[in-house]
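In short: position in the sequence shown from 1, add 3, done, that's this note's numbering. A short worksheet on the structure shown next.
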Amino acid sequence: MQTIKQFPEERRLEIIFDRFEDHDNTRFRQDVQQAALNVSCGGQFDMISDFSRSMVMPQDIAHESKNLAIWLIENGLRKSANILQSATQRMQIARVTQRDEKFAYFTSREEAAAWLAEGDV
């Protein structure tokens with residue numbers, strides 16, 4: 004189960020990943036795309052993806068996430084802070100995001116928030 008939180012006043016989107024058992028790729032993509040459009044207001048937005056409660060993504064979800072990452076970049080993503088708990092997660096997310104500089108990796112929410120506050124990449 005994933006939780007999507009929108010913070011339009013901060014132009015920020017937050018996704019908390021928990022389990023992938025009940026994951027619906029199509030629904031998730033649509034929900035994230037709509038949330039991104041809501042918070043961006045036609046401009047740029049930031050994102051925090053919190054994977055600290057989840058395991059490594061199954062391959063089909065990782066593949067769809069790669070397409071979603073491309074869509075997010077094309078639709079205003081300024082920076083994405085990813086909170087991870089393992090080197091395996093980091094390697095997988097780096098592959099999914101094609102090692103784009105807009106994506107950075109942290110072990111705490113505080114580090115992620117500080118990086119987002121720094122400004123453009």
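We treat Cβ as the ideally placed atom computed from N, Cα and C, and that holds for glycine.
Just grab the DSSP bridge partners of residue i for me.
i: L75; result: BP columns for L75 are empty, so no partner.
i: L16; result: Q9, M50
So is residue i buried or exposed if we call it buried at 16+ other beta carbons inside 10 Å?
i: E17; result: buried
i: M50; result: buried
i: D53; result: buried
i: A72; result: buried
i: K82; result: buried
i: R15; result: buried
How about residue i: is its C-beta nearer than 8 Å to some C-beta of chain D?
i: I96; result: The chain labelled as chain D is not found in the depicted structure, where only one protein chain is given.
Might you give, ordered along the chain, the residues of its own chain that have their beta carbon closer than 8 Å to the beta carbon of residue i, omitting 5 neighbours on each side?
i: N78; result: Q36, A39, L40, S43
i: F109; result: A84, N85, I86, L87, A115, W118
i: D21; result: M4, Q5, T6, R56, S57
i: D123; result: R81, K82
i: G46; result: R14, G79
i: R112; result: I51, D53, I86
So, for residue i: in the same chain, excluding its five sequence neighbours on each side, which residues have a beta-carbon less than 7 Å away from its beta-carbon?
i: S68; result: M60, V99
i: R32; result: E67, L71
i: L80; result: F48, M50, K105
i: Q9; result: L16, A38, N41, V42
i: W191; result: Outside the modelled stretch of the chain, which goes from 4 to 124, sits residue 191, for which no answer is possible.
Please go through the same chain and pick out, in chain order, the residues whose beta-carbon is closer than 6 Å to the beta-carbon of residue i, but skip the five residues on each side of it.
i: T91; result: V59
i: I96; result: N85
So the alpha helix (DSSP H) residue i belongs to, where does it begin and stop?
i: R32; result: 28-43
- Message: Please give me, in chain order, every unbroken run of the alpha helix (DSSP H) with length at least 4 that falls completely inside the segment 54-112.
- Response: 62-77, 90-99
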